[in-house]
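Read through the structure below, which is laid out as C-alpha cells, and then see the notes.
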Amino acid sequence: MSLVYLVLQDNDNARYLVDGITHDNPHAVVQHQPAMIRIEAEGRLEIRRDTMEERLGRAWDVQEMLLDVITIGGNVDEDDDAFVLEWKN
Amino acid sequence: MTANKKKLGLKDKYRYLTRDLDWEPSYQDKKDIFPHEDFEGIKITDWDKWEDPFRLTMDSYWKYQAEKEKKLYAILDAFAQNNGQQTISDARYVNALKLFLGGISPCEYQAFQGFARVGRQFSGAGARVACQMQAIDELRHVQTQVHAMSHYNKHFNGLHDFAHMHDRVWFLSVPKSFFDDARTAGPFEFLTAISFSFEYVLTNLLFVPFMSGAAYNGDMATVTFGFSAQSDEARHMTLGLEVIKFMLEQHEDNVPIIQGWIDKWFWRGNRLLSLVGMMMDYMLPNKVMSWAEAWEVYFEEAGGALFKDLERYGIRPPKYVEQCPIAKQHVSHQAWATFYQYSQATNFHTWMPSDEEMDWLSAKYPETFDQYYRERFTFWREQQEKGERFYNNTLPQLCQVCQIPTIFTEPDDATQLSHRSHVHEGERYHFCSDGCCDIFKNQPEKYVQAWLPVHQIYQGNCGGSDVESVVRDYYNINIGEDNFEYLGSPEHQRWLEWKGLNPAVAPLPKAS
Amino acid sequence: MTVNSIGPYEFPPLDLEANFHGNRLLYVGWDRHLMFCSPFALAVSPAMGFSELCEQVLRAAMAAHPDTAKVDFSASVWLLNDEPWTPDFAASLDANGLRHKDMLRLQTPGLNGLGNSAS
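Residue numbers (this note's numbering), protein chains in the order written: chain A, 17 to 105; chain B, 11 to 522; chain C, 59 to 177.
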C-alpha cells in the first residue's frame with residue numbers, strides 16, 4: 017500500500033489538526049521538521065469536521081485546512097464532513 | 011452546528027456557483043468559441059466528468075486567500091521591523107534568494123499568463139474556474155515573493171533588477187525557456203506540463219524541503235511566502251492529478267499523447283531542479299536534509315505512489331526515470347562546480363564548502379562526494395588561498411533543450427561527460443542527455459529556435475564583445491559587487507561588520 | 059511526433075553559421091578533466107591553423123589545470139563528433155574539415171585529472 021501524506025505549517029492551528037488527525041487515524045506517523053509537520057499514513061488519511069469541532073469548541077469548516085496545509089500526496093475527496101486523502105490501489 | 015445546516019452543502023454550492031454559470035451557445039458554434047481545444051489531438055467527450063475535489067467556489071476562494079495574505083504580510087512586516095536580515099544564519103544564504111528571485115519568481119508570472127490563457131480555451135466550466143483560480147494564485151505568488159525579497163534588496167547586492175535579468179542572463183534562460191516551452195504548447199500539454207509534471211511531481215522539492223531549510227536558517231520571511239504559496243500548490247497538485255485522470259478517462263487515444271508529454275515534462279523538470287539541488291546542498295548554511303534525501307521522499311516515494319495509481323490507465327513511469335537514483339548523487343555538486351567557475355557572470359556569489367561542510371557532503375553522498383568531487387573542491391580552495399581563485403575564462407557548451415551547460419556525467423560513468431549530438435536538416439545540435447535529445451527529435455522545429463545565451467553572445471546580440479561588458483551592460487550586474495567569490499565580497503564585509511567580526515573595522519566605535 | 063500547431067510552424071534555426079560574422083562554433087571537451095564543467099564553446103575563424111587553436115586558444119582555456127603543462131597536443135588522441143580523428147596541425151580548421159558546431163574531444167592518456175579523480 018502506498019503512503020499518503022499531508023504537510024502542515026507548524027503553527028497554532030496545526031496543533032489541533034495534528035491532534036484531531038492522530039485521533040482519527042491511529043496508523044498515521046507524525047514527523048516534526050523545521051517550521052513544518054509532516055503526517056503520513058498507509059493508504060488513507062482523513063480530517064473529520066466533528067473531531068475538529070470537538071477539539072476547537074467551535075464550528076469548523078473543512079476548507080479551513082487550506083490555510084495551514086503546505087502540501088499533500090494522494091487523491092483528494094472533500095465534502096462537508098471530511099477531507100480524505102487516499103490511494104485506491 | 012445549526013449555522014452549517016442553513017448553508018448549502020459543499021457539493022451543491024460548487025454545482026450552483028461553478029457548473030451552473032455555464033451555458034450552451036445558441037448563435038455561435040462552440041468550436042469557434044474554443045478554437046484551441048482540438049488541435050493537440052486530445053479527445054474530450056464529456057466535460058461534466060471533470061472533478062474538482064476541493065469544490066472551491068470563488069467566494070470561499072477570496073475568503074481563504076485574504077486570510078492567507080493577512081497572515082503573510084503580518085510576518086513580512088515583523089521581519090522587516092525587527093531587522094530580520096541580521097538574524098539569518100549567514101549572509102551566504104541570501105545568495106539562494108537571489109537565484110530564487112531571478113529564476114523562480116518570474117516563472118510564477120509565466121505560470122499566471124499560462125493559466126489565464128488556457129483557462130480561456132476550455133469549453134468545460136469546471137476546468138475554466140480551476141484555471142482562473144490558479145492564474146490568480148500564481149499572480150499572488152510573484153507579488154508576495156517580490157514583496158518579501160524587496161526587504162533583502164535593501165541590504166544585499168544582486169537583487170536590483172530581477173525581471174531584466176530573467177530575460178537576459180545566461181543561467182536564467184534555463185527556467186525561462188522551460189516556461190516558454192510550456193506556454194507555447196497547446197492548452198492540454200500546458201496542463202500536463204505545469205499542473206501535473208511540475209506542480210504534482212516536482213514543486214514539492216522546491217517549496218517544502220528548501221523552505222523548511224529557509225526557516226532553519228532564520229529566514230522567517232521566505233519560509234512564510236514559501237509555505238503560503240505552497241498552500242495554494244496543494245490545490246494545484248490536486249488539479250494536476252485530476253486533469254491527468256480526466257484526460258485519460260475521456261478517451262483511450264489520449265493515453266499515448268499524455269505519456270509522451272509526461273516523458274518530456276518529467277525530464278525537463280528534472281533538469282530544472284538541478285538548480286534547487288545545489289541551493290539545498292550548498293547554499294543553506296544550516297542543513298536540513300540533502301538533495302538526495304529530499305528526492306527520495308518527494309520524488310521516489312511520492313512519485314512512486316502516484317505512478318502506481320496511474321498504472322490502471324496504461325501510464326508508465328516517465329522515460330529515463332531509472333537514471334535519477336544515480337543522478338541524485340551527482341547533480342548538486344556538478345551544478346555548484348559550474349556556478350563556482352562562472353561566478354564572474356552571475357548576480358550572486360559562490361564559495362567553496364568549509365571542511366565541516368565537506369564532511370557533511372561526504373556523509374550524505376558516501377558513494378560520490380569523496381571519489382569525484384572532494385579533490386576538485388580542495389584544489390580550488392588551495393588555489394583560492396594562494397590568491398588564484400579559479401574562474402573559467404571560456405564560455406560553456408549549452409544543451410539545445412534544457413539550456414544547462416553540458417555538465418552532467420554519464421549515468422554509467424561519472425568520469426565521462428554525458429553528451430549527445432544530432433544532425434537535423436544539415437545543422438548539428440548538442441544535448442546533455444538522451445532525455446533532452448529525445449525531446450528535440452520529437453519536435454525539432456521548436457528547439458531549433460532556442461535562444462542559447464552563449465551563441466547569442468557570439469553572434470553579437472548581447473552588447474559587448476567581451477564577457478565583462480556583456481555582464482555589466484547587457485545583464486546589468488554590478489561588477490565587483492554582485493558577482494565573483496563570496497569571501498571578501500562587499501556583502502561579506504558588511505555581514506562581518508553587522509556581526510562585529512570584521513578585523514578591518516576600527517576597534518573604536520565610529521563617531522556618530 | 060512533431061509540433062501540433064494552430065498554424066504553419068516553420069522557423070529558421072537561430073544558430074546558422076551565417077549569423078556568426080565569419081566565425082564558426084567549435085566545441086572542445088577534455089576527457090577526464092571535469093574541473094572544466096563542460097566542453098568549451100569557441101567562436102573561431104575557419105582560417106585559423108589547428109596548431110594555433112591548440113597552442114593559443116586551448117592552452118589558454120585550460121591553463122588553470124595543473125595537467126595542462128604536461129599536455130602534448132600532437133601526441134593526444136582526438137575524436138571529432140565521437141569518431142576517431144587525426145588533425146593536420148599545419149592546416150587550417152577549415153582544411154581539417156571542421157564544420158560549424160562540430161565537437162572535438164581531447165584525450166590525454168596518462169593524465170587523469172586532479173589526484174586521478176577525472177577532475
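Even glycine gets a Cβ: it sits at the ideal position worked out from N, Cα and C.
Using beta-carbon positions only, say whether residue i and residue j come within less than 9 angstroms of one another.
| i | j | result |
| --- | --- | --- |
| I268 of chain B | T202 of chain B | yes |
| A51 of chain A | A140 of chain B | no |
| V100 of chain A | R60 of chain A | yes |
| N493 of chain B | D171 of chain B | no |
| L111 of chain B | V156 of chain B | yes |
| L72 of chain C | H434 of chain B | no |
| E243 of chain B | T194 of chain B | no |
| H432 of chain B | C447 of chain B | yes |
| V23 of chain A | R74 of chain A | no |
| M120 of chain C | H429 of chain B | no |
| M247 of chain B | G236 of chain B | no |
| V477 of chain B | Q351 of chain B | no |
| R245 of chain B | F64 of chain B | yes |
| V78 of chain A | A98 of chain A | yes |
| L320 of chain B | L258 of chain B | yes |
| F400 of chain B | Q394 of chain B | yes |
| P463 of chain B | R278 of chain B | no |
Since residue i and residue j should fall inside the 8 angstroms C-beta cutoff, what is the C-beta to C-beta distance between them, to a whole number of angstroms?
| i | j | result |
| --- | --- | --- |
| A135 of chain B | L251 of chain B | Not quite, the Cβ-Cβ distance comes to about 20 angstroms (not below 8 angstroms), so this is no contact. |
| K159 of chain C | L83 of chain C | 5 angstroms |
| G287 of chain B | S241 of chain B | No, G287 of chain B and S241 of chain B are not in contact; Cβ-Cβ is about 24 angstroms, not under 8 angstroms. |
| P219 of chain B | M290 of chain B | 6 angstroms |
| R71 of chain A | Y32 of chain A | 5 angstroms |
| F147 of chain C | S132 of chain C | 6 angstroms |
| V20 of chain A | E102 of chain A | 6 angstroms |
| R90 of chain C | G171 of chain C | 5 angstroms |
| L107 of chain B | T232 of chain B | 6 angstroms |
Taking 6 angstroms as the limit between beta carbons, can you name the residues of its chain near residue i, skipping five residues before and five after?
| i | result |
| --- | --- |
| E572 of chain B | This structure cannot speak to residue 572 of chain B, because chain B is shown only from 11 to 522. |
| T166 of chain C | V129, S134 |
| D380 of chain B | S372 |
| W305 of chain B | K338 |
Between which two residues does the beta strand (DSSP E) carrying residue i extend?
| i | result |
| --- | --- |
| Y439 of chain B | 437 to 441 |
| S150 of chain C | Premise fails: S150 of chain C is in no beta strand (DSSP E) and is neither H nor E. |
| V92 of chain A | 91 to 94 |
| R60 of chain A | 60 to 64 |
| H98 of chain A | Looking at the sequence itself, residue 98 of chain A is Ala, so the reference to His does not match. It spans 98 to 102 - the beta strand (DSSP E) in which A98 of chain A sits, taken as one unbroken run. |
| W136 of chain C | 135 to 138 |
| W88 of chain C | 82 to 88 |
| V433 of chain B | 430 to 434 |
| T425 of chain B | 423 to 427 |
| E395 of chain B | Counting along the chain, E395 of chain B falls outside any beta strand (DSSP E), though it belongs to the alpha helix (DSSP H) covering 384 to 395. |
| H48 of chain A | 45 to 49 |
| Q25 of chain A | 19 to 25 |
To which residues of the same chain is residue i closer than 8 angstroms at the C-beta, ignoring the five residues directly before and after it?
| i | result |
| --- | --- |
| V515 of chain B | A caution first: V515 of chain B carries a pLDDT of 44, below 50, which makes its placement in the model unreliable, though a value can still be read off. Closer than 8 angstroms at the Cβ level, and outside the excluded window around V515 of chain B, lie L506, E507. |
| P519 of chain B | In this prediction, P519 of chain B scores a pLDDT of 35, lower than 50, which makes its location untrustworthy; no coordinate-derived value is stated. |
| P295 of chain B | S99, D100, R102, Y103, N227 |
What's the call for residue i, buried or exposed, on a 16-neighbour Cβ count within 10 Å?
| i | result |
| --- | --- |
| L490 of chain B | Here residue 490 of chain B is Gly; the residue named in the question, Leu, does not match the sequence. Result: exposed. |
| M17 of chain A | exposed |
| L497 of chain B | exposed |
| H151 of chain B | buried |
| Y74 of chain B | buried |
| I114 of chain B | buried |
| A127 of chain C | exposed |
| Q344 of chain B | buried |
| V85 of chain A | buried |
| Q144 of chain B | buried |
| S36 of chain B | exposed |
| Y210 of chain B | buried |
| A521 of chain B | For A521 of chain B, the predicted structure reports a pLDDT of 32, less than 50, and the residue's modelled location is therefore unreliable. A value from the coordinates is still provided. Per the 10 Å Cβ criterion, exposed. |
| V307 of chain B | buried |
| A118 of chain C | exposed |
| D22 of chain B | exposed |
Provide the residue span of the alpha helix (DSSP H) that contains residue i, from first to last.
| i | result |
| --- | --- |
| Y26 of chain B | 20 to 27 |
| W57 of chain B | From DSSP, W57 of chain B is part of no alpha helix (DSSP H); its letter is neither H nor E. |
| V265 of chain B | 264 to 282 |
Near residue i, what residues of its chain come up, given a Cβ to Cβ distance below 7 angstroms and the 5 sequence neighbours on each side ignored?
| i | result |
| --- | --- |
| T28 of chain B | T67, A135, G136, V139 |
| K40 of chain B | S133 |
| E377 of chain B | Q339 |
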